[in-house]
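Anchor point for the sequence shown: position 105 equals 104 in numbering that gives the first Met the number 0, and the numbering is continuous, going up by one each time. Accompanying notes for the structure given below.
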Amino acid sequence: MVDDNWIDVGPADLTAGELRGLEIGERLVLLACHNDQVSAMDDSCNHAGCLLSGGWIDERKSAVVCPCHEYAFELGSGRNVTFPRLCADQQAFRVRVESGRVMLRLPET
Ligand code: FES
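Encoded structure:
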């Protein structure tokens, strides 16, 4: 079955530890490269809207850390792994690398 809901969001040229913010239509999307895996989630932090792409990766938690108040969201799942949990999980998106391109599947808006 052909699945045409995947969109090409650019070359799969992320380097280890890179956080890249993308603007896709109305959405801000974070791509992250960690442990040879590319993952994607909403780039706009659900706590107060700062961009996670301006943050950094916490290796121990495999999470992106928001630069504003340092909440951490697990790469791949978007789960809030901060204690105490003062905000929700980030929305994670399905992503895959195909023929050197990053393909992303966004939910319907
Ligand atoms: S805006 Fe991200 S932790 Fe507050």
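Ideal placement from N, C-alpha and C gives every residue a C-beta, glycine not left out.
Burial state of residue i, where buried means 16 or more other Cβ atoms lie within 10 Å
i: V1; result: Bear in mind that a pLDDT of 49 at V1, under 50, signals an unreliable position, so the number given afterwards is only what the model happens to contain. Exposed, because fewer than 16 other Cβ atoms sit within 10 Å of the Cβ of V1.
i: D42; result: buried
i: E25; result: exposed
i: I6; result: exposed
i: F82; result: exposed
i: E73; result: buried
Reference residue i; option with closest CA among the options
i: H46; options: L27, L105, Q89; result: Q89
i: A39; options: E107, V64, R95, G99; result: R95
i: C67; options: V80, L21, L51; result: L51
i: K60; options: D12, G53, N79; result: N79
i: S76; options: I23, A31, E17; result: A31
i: L105; options: A62, T14, D12, L27; result: L27
i: V8; options: C65, T14, R19; result: R19
i: Y70; options: L21, M102, C44, F92; result: C44
i: E17; options: E97, V64, R84, M102; result: V64
i: G48; options: L29, D12, M102, T14; result: L29
Proximity test, residue i beta-carbon vs the ligand FES heavy atom, cut-off 7 Å
i: A47; result: yes
i: H68; result: yes
i: C44; result: yes
i: C65; result: yes
Which residues DSSP lists as bridging residue i, in chain order
i: C22; result: Checking the displayed sequence, the identity of residue 22 turns out to be Glu instead of Cys. Answer by DSSP bridge pairing, in chain order: L27.
i: S38; result: A31
i: D57; result: A62
i: N79; result: F72
i: D7; result: M102
i: A91; result: M40
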